[in-house]
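Please read the structure below before turning to the comments.
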Amino acid sequence: MSTLTKPTPQVKKKPLGQRMAKYWGFYLMFIPVLLFVIVFHYAPMFGIRYSFYSWKIIGDPKWVGLANFEKLFKQSQFSVSFWNTIVFSVIKLLLNTGLAVVISLLLNEMISLKFKKLSQTIIYLPHFMSWVVTASVFSLLLAPSESGLINQLLIQMGVIDKGIYYLADKGWWRVWYYIINVWRETGWQTIIFMATLTGIDPGLYEAASMDGAGRWKKMCYVTFPALANTIITVLILNLAKIMNLFESVFVLQNDSVRRATNVLQTYVYYQTFNSGASADYGYTTAIGLFRSLVGLALMIMCNFASKKVRGRGIM
Amino acid sequence: MKKLLAVVLCLAMALPCMAGAFAESTDTVKITMMVDTTVVDQNNGRDAFEARWEELHPGYDLEIIQPDHSAYYDVMQQRMASGDWPDVLILSSTYYADYAAAGALWDMTEAWENSQTKNSGRFNGDSVIEGLKIDGKLYGFAPTRGNGCVTYVKKAWLDAVEMETPTTYEDYIKMCEAFVQKFGTYAVSAAGFVGNEAPFVNYLPEFYQDAYPFFVQLEDGTWVDGFTQDSMKAALQRIQDAVAAGLIDKETLTNKTSDARNKFYDDKFGVFTYWAGTWATNLKTNLEANNLDGTLVALKPLEGLPQYYDRVPPVWCITNKCADPQKVFDAFIDTMLDGGDTQMLWTYGVEGVHWSKSAGTVLAGTEKEKTYEEGQFHMLENLEKAGTLYTKNHIDPMLSLASFAEGYYDPKADSVKPEAKAAAELFNENSRLASIVPATSEMSEFNGDLTQIKSQIIADIALGNISVEQGMQQFVDEGGQEMSDAIVESLNALN
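Top line first, the protein sequences correspond to chains A and B.
Count along the first sequence from 1, then add 165; that gives the number in this note's numbering.
Count along the second sequence from 1, then add 270; that gives the number in this note's numbering.
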């Protein structure tokens with residue numbers, strides 16, 4: 166059976182000029198934002214053309230076609246850096262989000278409001294430390310000598326005989342990279358989940374209680390399902406940003422692990438400032454363009470996933 | 271009323287333009303100068319510096335472009351890329367070689383030969399200027415040496431092990447072993463097993479000796495990669511042995527310079543290779559602040575070992591877009607070391623702002639309050655950091671390449687501490703200039719990766735993760751040899 170719908174009356178739009186004249190105040194206020202976006206976001210995009218040139222600032226750029234991209238895919242350090250960018254970001258994202266959910270659920274179960282607020286403050290604080298300070302603190306904690314708290318604790322407990330140089334070992338470096346990221350970022354990520362939790366209808370908990378559900382069952386069958394949509398949203402939104410990895414890796418690197426831990430942004434940095442001569446900005450722009458294209462592909466995928474999951478896109 | 275207001279506004283906008291037009295009609299020569307914060311910045315009396323310079327150079331208008339220190343090379347490159355080049359700018363050795371090769375800098379060889387500074391009889395930096403020449407041509411001028419590091423040994427530690435100052439490598443190792451045995455800690459620490467800029471090896475000179483991990487030109491003019499030479503293998507073995515024996519702090523790998531300094535101040539080790547000159551005083555005062563004996567013995571290079579490295583100083587260059595480079599050279603560069611008021615300005619700053627000869631009390635922290643009599647030279651309190659005193663402006667008096675003219679008051683004796691002077695003199699007498707490596711396309715293409723391969727191998731060998739032979743094989747396997755050969759070939763093609 167077909168459904169009859171009432172046709173929407175056609176409203177004749179006024180000409181653009183008239184509408185602009187009517188809302189001239191809004192358009193006036195929009196001009197600075199428009200200019201800002203054009204000057205700082207769109208105009209620099211013309212720099213993309215340098216990825217097809219060889220250019221060292223002085224002199225005219227020399228057209229090289231796709232040679233920069235050819236070189237890029239031949240460099241073993243580029244593929245290592247690209248792979249590291251993906252792996253570090255995805256593992257970091259999963260760990261941070263997963264633990265943020267767990268912590269939020271635990272915080273939500275706290276009865277003492279004072280203790281809850283104190284706990285929240287303590288876990289938020291590391292987020293406000295700069296990465297440079299964070300790296301200095303963990304370098305001290307992880308030192309192989311007697312000043313390294315972690316090693317001393319493990320030695321006292323009889324777990325190890327002598328200090329391990331965690332930051333100089335490629336395997337340990339990755340482990341501690343994830344731990345440090347979790348320590349610094351997870352608390353901050355709980356904010357969004359805590360906000361969702363406070364919005365859950367108390368009636369659902371009352372109904373669950375009447376059905377005989379304990380705290381654990383309430384958490385499994387009321388709280389967690391209410392959070393699910395937010396978890397997916399957070400994952401999707403963060404997935405689109407995974408190519409932007411620099412500072413956290415850069416500050417923890419040292420000579421011994423650098424080549425094994427480079428990500429795309431640190432690779433560009435060393436190509437630019439460590440070349441012993443002016444960098445070829447064409448090559449580094451090509452890396453940047455490649456990074457942007459991967460980021461764009463991820464955004465499109467995330468938008469598609471978001472539409473499927475939430476019913477609306479993120480773009 | 272509105273019309274009147276509009277007329278007033280129009281006039282207000284038009285008048286400065288007219289004033290500009292009138293100003294341009296005079297004979298003033300404008301010099302745009304780009305510099306990092308090695309010259310006093312806006313918060314530290316830059317306007318007074320500029321006014322005083324213009325007062326000393328009538329007919330010239332100096333415009334100073336001074337980005338933040340850490341952003342200097344970013345901003346400088348952006349400006350060069352935009353085509354809006356300054357007349358004069360300061361460049362590090364890397365950019366100097368690169369820009370000279372690209373034809374961006376004015377060839378000042380002839381101007382220098384005929385300059386008042388060179389022919390003044392006061393100039394003592396001919397070797398420095400020679401070292402700045404690229405293919406026999408001079409594209410920049412340095413008013414100072416680049417400075418470098420000397421090895422300091424704590425006198426108290428030497429006394430504790432009842433040893434004399436070492437003069438040979440064997441004595442030096444014996445001293446380090448004695449320190450380890452006596453104090454139960456390592457003897458030497460540094461910020462990195464290898465530096466990340468030339469001269470790379472200056473923090474561990476006794477262990478590197480004649481080895482150098484970058485490109486070097488042999489006496490016959492041939493370029494080689496120092497990393498592939500036998501001297502480097504021997505140096506890496508020495509470092510590995512010393513770390514394994516506990517003589518060198520293994521945390522050298524992750525130490526920043528501040529970490530190494532703090533460990534020295536905390537008496538964690540006794541032998542520290544660090545900057546000559548003013549740093550000798552800083553090290554002493556920081557040790558004393560920790561209630562330790564601040565007496566340090568600066569070592570001469572050990573017998574049979576090469577001299578300390580004097581890094582290539584930052585250089586003042588005139589760009590090829592400067593309208594009248596000879597005039598700018600004469601007014602700006604050739605007066606920097608004039609032996610008189612301009613040299614005083616570049617060295618100590620502006621009287622009444624950065625230094626004074628008037629009677630008064632200077633507050634440099636409550637414990638360092640000092641009163642000066644009329645006519646006594648003294649530096650003034652830092653405008654930005656209360657409680658600290660200015661020590662210099664752009665030219666470090668201990669590194670200056672020219673003395674003041676005879677009869678002109680030289681404040682060095684009153685402003686430089688004896689230990690700093692002694693360390694600087696020892697360094698100046700026992701140092702050699704690091705060489706400038708010309709820029710090539712291959713260098714810019716491969717050296718970023720190559721440097722990382724070298725640094726990783728040095729770190730892994732130092733920590734004993736791999737042997738020297740394995741390290742050298744890794745260098746080949748990871749493509750280091752291939753990149754190195756390509757750069758060496760490109761450098762030799764310049765000969």
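Heads up, the beta-carbon is just placed ideally off N, CA and C, and yes, glycines get one too.
All values derive from a computational prediction rather than experimental measurement.
Unbroken beta strand (DSSP E) run spanning Met408/A, endpoints: For Met408/A, no beta strand (DSSP E) encloses it, and the DSSP letter there is neither H nor E.
Would you mind stating whether Ala693/B and Ala546/B have Cβ atoms separated by less than 8 Å? At a Cβ-Cβ threshold of 8 Å, Ala693/B and Ala546/B count as neighbours.
Is the separation between the beta-carbon of Leu369/A and that of Val266/A shorter than 8 Å? With contacts defined by Cβ atoms closer than 8 Å, Leu369/A and Val266/A do not form a contacting pair.
Would you list the one or two residues that DSSP bridges to Trp228/A? The partner list for Trp228/A (beta bridge, DSSP) reads Tyr218/A.
Residue range of the beta strand (DSSP E) that includes Phe770/B: Examination of residue 770/B is not possible in this model, given that chain B is present from 271 through 765 alone.
Partners in chain B for Tyr445/A, counting only beta-carbon separations shorter than 9 Å: Looking at the sequence itself, residue 445/A is Asp, so the reference to Tyr does not match. Near Asp445/A (Cβ distances below 9 Å), the residues of chain B are Ser711, Ser714 and Glu715.
Please confirm if Phe463/B has its CB atom under 8 Å from at least one CB of chain A. Put simply, the CB of Phe463/B is near chain A, with a gap under 8 Å to one of its CB atoms.
Return the Cβ separation of Pro475/B and Thr421/B in integer angstroms, given the expectation that the two are a contact with Cβ distance under 8 Å. With 8 Å as the limit, Pro475/B and Thr421/B qualify as a contact, their Cβ atoms being about 7 Å apart.
Should Val252/A go down as buried or exposed, given a rule of 16 or more other Cβ atoms within 10 Å for buried? Burial call: exposed.
Less than 6 Å between C-beta atoms, sequence neighbours within five positions excluded: which residues of the same chain meet that for His327/B? In chain order, Ala601 place their CB closer than 6 Å to the CB of His327/B, counting only its own chain and leaving out the 5 sequence neighbours on each side.
Check whether the Cβ of Gln436/A lies closer than 8 Å to any Cβ atom in chain B. Yes, its Cβ sits closer than 8 Å to a Cβ of chain B.
Residues of chain B with CB under 9 Å from Arg424/A, in chain order? Correct list: Asp719, Gln722, Ile723, Ser725, Gln726 and Glu748.
Short CB-CB distance (under 8 Å) between Asn483/A and chain B: The question about residue 483/A has no answer, for chain A in this structure spans 166 to 480.
Can you list, in chain order, the residues of the segment 233-253 of chain A whose Cβ is nearer than 9 Å to any Cβ on chain B? If you check each beta-carbon in the segment 233-253 of chain A against every beta-carbon of chain B, the ones closer than 9 Å belong to Lys236, Gln240, Ser241 and Gln242.
In whole angstroms, give me the CA-to-CA distance for Glu759/B and Leu720/B. If I take the Cα positions, the gap works out to 15 Å.
Taking the alpha-carbon positions, what's the Asn661/B to Gln317/A distance? The question names Asn, but residue 661/B is Thr in the sequence shown. Distance between the alpha carbons of Thr661/B and Gln317/A: 43 Å.
Using a Cβ-Cβ distance cut-off of 8 Å, determine whether Leu332/A contacts chain B. It does; some Cβ of chain B falls within 8 Å.
Kindly list the residues whose CB is nearer than 6 Å to the CB of Ile268/A, restricted to its own chain and excluding five residues on each side of it in sequence; keep chain order. The answer, listed in chain order, is Thr355.
Helix, strand or coil for Ser397/B per DSSP? If DSSP states are grouped into helix, strand and coil, Ser397/B belongs with the helices.
Using the beta-carbon of each residue, which ones in chain B are nearer than 7 Å to Ile222/A? Gln347, Met350 and Ala351, listed in chain order.
As an exercise, report each continuous beta strand (DSSP E) stretch of at least 3 residues that is fully enclosed by the segment 708-753 of chain B, in chain order. Taking 3 residues as the minimum length, the segment 708-753 of chain B contains no beta strand (DSSP E) run wholly inside it.
Paired residues, beta bridge with Arg702/B - DSSP: Here Arg702/B is bridged, per DSSP, to Tyr579/B.
Applying a beta-carbon distance threshold of less than 7 Å, which residues of chain A neighbour Tyr369/B? Those are Ile223, listed as they occur along chain A.
Hey, would you say the C-beta of Gln317/A is under 7 Å away from at least one heavy atom of the ligand HEM? Looking for the ligand HEM in the displayed structure turns up nothing, as the structure carries no ligands at all.
Any chain A beta carbon closer than 8 Å to Asp357/B: No Cβ of chain A is located within less than 8 Å of the beta carbon of Asp357/B.
Select from Asn717/B, Leu733/B and Gln596/B the residue whose C-alpha is nearest the C-alpha of Ala381/B. Shortest Cα-Cα distance from Ala381/B to any of Asn717/B, Leu733/B and Gln596/B involves Gln596/B.
Please say whether Val423/B and Leu566/B have beta carbons closer to each other than 8 Å? Yes, they are a contact pair.
Return no unless some Cβ of chain A is closer than 8 Å to the Cβ of Asp730/B. By the rule that beta-carbons nearer than 8 Å mark a contact, Asp730/B touches chain A.
Report the residue from Val582/B, Ile399/B, Thr437/B and Glu432/B whose alpha carbon sits nearest the alpha carbon of Lys452/B. Across the set Val582/B, Ile399/B, Thr437/B and Glu432/B, the C-alpha of Glu432/B shows the shortest separation from the C-alpha of Lys452/B.
Can you pull the chain A neighbours of Leu733/B, defined as C-beta to C-beta under 9 Å? Within chain A, the residues placing a beta-carbon under 9 Å from that of Leu733/B are Tyr330, Ala333 and Ser421, ordered along the chain.
Determine whether the Cβ of Leu523/B lies closer than 8 Å to any Cβ atom of chain A. Closer than 8 Å: yes.
Kindly identify the DSSP beta-bridge partner or partners of His648/B. Ser626/B.
Verify the CB distance criterion: does Lys520/B have a CB-CB separation below 8 Å to chain A? Closer than 8 Å: yes.
For His339/B, count the other beta carbons within 10 Å of its own beta carbon; 16 or more makes it buried, fewer makes it exposed. Which is it? Taking a 10 Å sphere around the C-beta of His339/B, we find fewer than 16 other C-beta atoms and assign the residue as exposed.
Give the single residue among Ser312/A, Cys467/A and Leu260/A whose Cα lies nearest to the Cα of Ile345/A. In terms of CA proximity to Ile345/A, Leu260/A leads the group Ser312/A, Cys467/A and Leu260/A.
Taking the CB atoms as reference points, tell me whether Asp420/A and Gly462/B lie closer together than 8 Å. Less than 8 Å divides the Cβ of Asp420/A from the Cβ of Gly462/B.
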